[in-house]
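The sequence shown begins at 12 in this note's numbering and counts up by one.
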Amino acid sequence: MFVYMDHTATTPVSPEVLNAMIPYFSDVFGNPSSVYSFSRKSRGAIEKARKQVADALNADTSEIFFTGSGTEADNWALKGTLEKGKIAGKNHIITTSIEHHAILHTCEYLKKVEGADITYLPVNSEGMVSVDDVRNAITDKTAIVSVMFANNEVGTIQPIKEIGALCRERKIPFHTDAVQGAAHLDIDVKAMNIDMLSMSAHKMYGPKGVGALYLRKGMRPENFIHGGAQEKGRRASTENLAGIVGFGEAFEILKGRLNEDKAINSSRRDRLIAGILERIPHAKLNGATGDNRLPNNINFSFIGVEGETLLLDLDAKGISASTGSACSSESLDPSHVLLALGLKHEMAHGSLRFTIGRLTTDEHIDYLLEVLPEIVARRRAMSPLWEDYLKSIGEK
12 MFVYMDHTAT TPVSPEVLNA MIPYFSDVFG NPSSVYSFSR KSRGAIEKAR KQVADALNAD
72 TSEIFFTGSG TEADNWALKG TLEKGKIAGK NHIITTSIEH HAILHTCEYL KKVEGADITY
132 LPVNSEGMVS VDDVRNAITD KTAIVSVMFA NNEVGTIQPI KEIGALCRER KIPFHTDAVQ
192 GAAHLDIDVK AMNIDMLSMS AHKMYGPKGV GALYLRKGMR PENFIHGGAQ EKGRRASTEN
252 LAGIVGFGEA FEILKGRLNE DKAINSSRRD RLIAGILERI PHAKLNGATG DNRLPNNINF
312 SFIGVEGETL LLDLDAKGIS ASTGSACSSE SLDPSHVLLA LGLKHEMAHG SLRFTIGRLT
372 TDEHIDYLLE VLPEIVARRR AMSPLWEDYL KSIGEK
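Here it is, written out as C-alpha cells:
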C-alpha cells in the first residue's frame, strides 16, 4: 500500500487542472505580449486565471500578480517594500521566529546587504503570535510587518485579521505568507486587512513553478524582477501560460469544495491525533488544536527516537511523511519552528509531520495507526536516550 501524507510539501495536479492546462502547451501557445490575434487567446487565458484567483480572495483582478513561486512572492514583498521604505528612512522589518525560510532567509539577506533591522517575534507553546507583541515591536522606522497565515510545520493559524487591523491603523504595510493558508482556509483579503499576500499553486493541486502576489491598491513595492513589461510592468518575464491557467483552475476548484475538504480532513486529522495519543506513550502533539490548526496538519514528537530514522522506516512500509518543511529536509538541524515552541533539541529531533489531503483515505489512517506504534516501539527499544528518559520520570 502506498500512503502519501505529505500534502503540505506538494500536491498532485488534479485531472481537471491538467485538462485545463494541456491546450496551452502546444495548441494555444502564443506569447501573451505579442499583438496579433493568436496571442490574444493567451492573454485572455491569463486574465481569466487572474479573475479566478482574485475571486477566491475577494480581491480585484488589478491586485493579482503572477510569479514563479510563493518564494518569489515573499521575496518581492519584503525586498520591494523595504527598498521603497528606505526612501522614507524606514528600514525595520517585523516578522516571527516560525516563518518559512523564504521569509527568514530573505530577512537575513536584507540585514546583511541592506542593513535592515529585523525583529523576530516569539510565539507561545502552540506556535501563536501575540498581537500585543506586534504592537509593541512597531517603531517609526517599521517598513513592513510579515506574519505567515498558517505555519507549514505545526499548522497553527495566526490572528491575521487582528494584526492586519493594527497595521492598517498604524499605516504600516502588512504582508502574510499564505502559501499554506490559501490551500485550506477561506481568505478574504479585504475583511482581513491584508495588504500583500503570497500564494503557490502546487499546494492546492495545481502545477509547480507558478505563484502569485496579491498587492492591495496603493501598495507599490519596487519591482523584484526587471526586464519586460509583463504583469502590468510590475514583474518582467514571459508568463508561464499553462501554469497560470492551472493555478486559476486549481484555486477555483479548491474554493468550490473548501468546506467539504475541511470537514473531511479535520475528521481524519482528529482521528489520527487521537489514535497516536492512545497507542504511543509519551507522544507529544505540537501546535494548536481544533479551529486554530490547519485541518490537514498533524505534528508529533516522539522522545527517544530520531525523526529521520522514523521516516526511513515508514518509507519502507510505503508511507511518505516529513520531519518538517520540505524546503529544509536535507538539513540535520532541529526544526527552528519546534525550538521556537520551546521544545528541547532531543524532542525536536524526534518529530514527524503528517499532512493529509485528497489522496488520503480512512484505510490510510488505519494503516498508519497500525504501523507507526510498532516502528516507534522498536526504535525506542534500541535507544539509550529512551532508557534515560524512562529513568528520569521513574518508569524504569
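The beta-carbon is built from N, C-alpha and C at its ideal position, and this holds for glycine as well.
Original post:
Between which two residues does the alpha helix (DSSP H) containing Gly257 stretch?
Top reply: Numbered from its first residue, the sequence shown carries residue 257 at position 246. Looking at the DSSP string, the run of the alpha helix (DSSP H) that includes Gly257 is Leu252 to Gly267.
Subject >> Cβ neighbour criterion (16 or more within 10 Å) applied to Phe125 >> reply: In the sequence shown, the residue the question calls residue 125 occupies position 114. The amino acid occupying residue 125 in the given sequence is Glu; Phe does not appear at that position. Classification for Glu125: exposed.
Subject >> Three-pair Cβ contact test at 8 Å for the stretch 104-116 versus the stretch 54-66 >> reply: They do not touch, by the three-pair rule.
Subject >> Residue span of the alpha helix (DSSP H) that contains Lys95, given as start and end >> reply: Locating residue 95 in the sequence shown gives position 84, where the first residue counts as 1. For Lys95, the enclosing alpha helix (DSSP H) has its first and last residue at Gly81 to Ile98.
Subject >> Member of Gly368, Gly257 and Val316 whose CA lies at the smallest distance from the CA of Val28 >> reply: Sequence index remark: in the sequence shown, residue 28 carries index 17 (1-based). It is Gly257.
Subject >> Thr300 and Tyr15 closer than 9 Å at C-beta >> reply: By 1-based counting over the sequence shown, the position of residue 300 is 289. By 1-based counting over the sequence shown, the position of residue 15 is 4. Going by C-beta atoms, Thr300 is not nearer than 9 Å to Tyr15.
Original post:
Hey, out of Asp38, Gly405, Thr21 and Ser44, whose CA is closest to Gly81's CA?
Top reply: As a first step, residue 81 must be located in the sequence shown, where it is residue number 70. Taking only the C-alpha atoms, the option nearest Gly81 is Thr21.
Original post:
Based on Cα-Cα distance, which residue from Asn234, Ile314 and Ala189 lies nearest to Ser403?
Top reply: Walking along the sequence shown from the start, residue 403 turns up at place 392. Out of Asn234, Ile314 and Ala189, the CA that lies nearest to the CA of Ser403 is found in Ile314.
**OP:** Could you check if Ala253 is buried or exposed, using at least 16 other CB atoms within 10 Å of its CB as the buried criterion?
**Re:** Position 242 of the sequence shown, counted from the first residue, corresponds to residue 253. Buried, by the Cβ-count rule.
Original post:
Should Leu265 and Met215 be called a contact, given that it needs their Cβ atoms to be closer than 9 Å?
Top reply: As a first step, residue 265 is located in the sequence shown; it is residue number 254 there, counting from the start. As a first step, residue 215 is located in the sequence shown; it is residue number 204 there, counting from the start. Leu265 is a Cβ neighbour of Met215, given a cutoff of 9 Å.
Original post:
When the distance is taken between beta carbons, is Arg227 closer than 9 Å to Glu119?
Top reply: On the sequence shown, position 108 is the one that residue 119 refers to. On the sequence shown, position 216 is the one that residue 227 refers to. Not in contact: Glu119 and Arg227 (Cβ atoms no closer than 9 Å).
Original post:
With DSSP run on the structure shown, which of helix, strand or coil describes His186?
Top reply: By one-based count along the sequence shown, residue 186 stands at place 175. Strand.
Subject >> Outcome for Asn30 when other beta-carbon atoms lying within 10 angstroms are tallied against a minimum of 16 >> reply: Here the question's residue 30 lines up with position 19 in the sequence shown. Only exposed fits Asn30, as fewer than 16 other CB atoms lie within 10 angstroms of its CB.
Subject >> Leu323 classed as buried or exposed, judged by whether at least 16 other C-beta atoms fall within 10 angstroms >> reply: By one-based count along the sequence shown, residue 323 stands at place 312. Leu323 is exposed by the Cβ-count criterion.
**OP:** Report the partner residues of Tyr15 according to the DSSP bridge assignment.
**Re:** Residue numbering aside, residue 15 sits at position 4 when the sequence shown is read from its first letter. The partner list for Tyr15 (beta bridge, DSSP) reads Ser331.
Original post:
For Asp85, does the count of other Cβ atoms within 10 angstroms reach 16, so buried, or fall short, so exposed?
Top reply: Your numbering for residue 85 matches position 74 in the sequence shown. Classification of Asp85: buried, given that the 10 Å Cβ count is 16 or more.
**OP:** Pull up the distance between the alpha-carbon of His347 and that of His237, whole angstroms please.
**Re:** Reading the sequence shown from its first residue, position 336 is the one you call residue 347. Reading the sequence shown from its first residue, position 226 is the one you call residue 237. Whole-angstrom Cα-Cα distance: 33 Å.
**OP:** Return helix, strand or coil for Ser339, following the three-state DSSP convention.
**Re:** Within the sequence shown, the letter at position 328 stands for residue 339. In this prediction, Ser339 has a pLDDT of 48, which is less than 50 and means its spatial position is unreliable; nothing more can be read from the coordinates.
Original post:
Assuming Thr106 and Ser157 make a contact with CB atoms under 8 Å, what is their CB distance in whole Å?
Top reply: For this step, residue 106 is matched to residue 95 along the sequence shown. For this step, residue 157 is matched to residue 146 along the sequence shown. Yes, Thr106 and Ser157 are in contact; Cβ-Cβ is about 5 Å, under 8 Å.
Original post:
Counting pairs of Cβ atoms below 8 Å between the stretch 190-205 and the stretch 45-61, do you hit three or more?
Top reply: Taking 8 Å as the limit for Cβ pairs, the verdict is that the stretch 45-61 does not touch the stretch 190-205.
**OP:** Report the three-state DSSP secondary structure of Thr371 (helix, strand or coil).
**Re:** For this step, residue 371 is matched to residue 360 along the sequence shown. It is coil, neither helix nor strand.
Original post:
DSSP on Lys52, reduced to helix/strand/coil?
Top reply: Within the sequence shown, residue 52 is the residue found at index 41, counting from 1. Helix at Lys52.
Original post:
Taking Cβ positions, are Gly100 and Lys152 nearer each other than 9 Å?
Top reply: Position 89 of the sequence shown holds residue 100. Position 141 of the sequence shown holds residue 152. Cβ distance < 9 Å, so Gly100 and Lys152 count as in contact.
Original post:
Alpha carbon to alpha carbon, what distance is there between Gly222 and Glu83?
Top reply: Start at 1 with the first residue of the sequence shown, and residue 83 comes out as number 72. Start at 1 with the first residue of the sequence shown, and residue 222 comes out as number 211. In a straight line, the C-alpha of Glu83 is about 8 Å away from that of Gly222.
Original post:
What separation, rounded to the nearest whole angstrom, lies between the Cα atoms of Ile57 and Pro34?
Top reply: As a first step, residue 57 is located in the sequence shown; it is residue number 46 there, counting from the start. As a first step, residue 34 is located in the sequence shown; it is residue number 23 there, counting from the start. Taking the straight line joining both Cα atoms gives about 13 Å.
Original post:
What whole-angstrom Cβ distance do Lys172 and Leu121 have, given they're in contact under 8 Å?
Top reply: Your numbering for residue 172 matches position 161 in the sequence shown. Your numbering for residue 121 matches position 110 in the sequence shown. Taking a contact as a CB-CB distance under 8 Å, the pair Lys172 and Leu121 does not count as one, their CB atoms being some 27 Å apart.
Original post:
Just the Cα atoms here: how many angstroms apart are Val382 and Ile255?
Top reply: Your numbering for residue 382 matches position 371 in the sequence shown. Your numbering for residue 255 matches position 244 in the sequence shown. The straight-line gap from Cα to Cα measures roughly 40 Å.
Original post:
Ordered along the chain, which non-local residues of its own chain (more than five positions away) have a Cβ less than 8 Å from that of Leu288?
Top reply: To locate residue 288, count along the sequence shown from 1; it is residue 277. The residues are Ala294 and Leu296.
**OP:** With DSSP as the reference, label Leu29 as helix, strand or coil.
**Re:** Within the sequence shown, residue 29 is the residue found at index 18, counting from 1. Leu29 falls in the helix class under three-state DSSP.
Original post:
Is the number of C-beta pairs between the stretch 348-367 and the stretch 133-142 that are closer than 8 Å three or more?
Top reply: With a cut-off of 8 Å, the stretch 133-142 and the stretch 348-367 count as touching, because enough Cβ pairs lie within range.
**OP:** Taking Gly5 and Gly361 to be in contact with their CB atoms under 8 Å, please state how far apart those CB atoms are, rounded to whole angstroms.
**Re:** Outside the displayed range of the chain (12 to 407) lies residue 5, so it cannot be described from this structure.
Subject >> Sequence-distant residues of the same chain with beta carbon closer than 8 Å to Asn42, five excluded per side >> reply: Residue mapping note: residue 42 aligns to position 31 of the sequence shown, counting from 1. Excluding the 5 residues flanking it on each side, Asn42 has same chain C-beta neighbours closer than 8 Å at Ser50, Ser53 and Thr249, in chain order.
Subject >> CA-to-CA distance, Gly217 to Ala70, given in whole angstroms >> reply: Counted from its first residue, the sequence shown places residue 70 at position 59. Counted from its first residue, the sequence shown places residue 217 at position 206. When the Cα atoms are used, Ala70 and Gly217 turn out to be separated by approximately 20 Å.
Original post:
Contact check, Leu380 vs Arg280 under 8 Å by CB: the rounded distance?
Top reply: Taking the sequence shown and counting its residues from 1, the one referred to as residue 380 is at position 369. Taking the sequence shown and counting its residues from 1, the one referred to as residue 280 is at position 269. Not really, about 13 Å apart at Cβ, beyond 8 Å.
Subject >> Proximal residues to Gly166 (C-beta, below 6 Å), its chain only, five neighbours per side dropped >> reply: Mapped onto the sequence shown, residue 166 falls at position 155. So the qualifying residues of the chain are Gly298, Arg304, Leu305 and Asn308.
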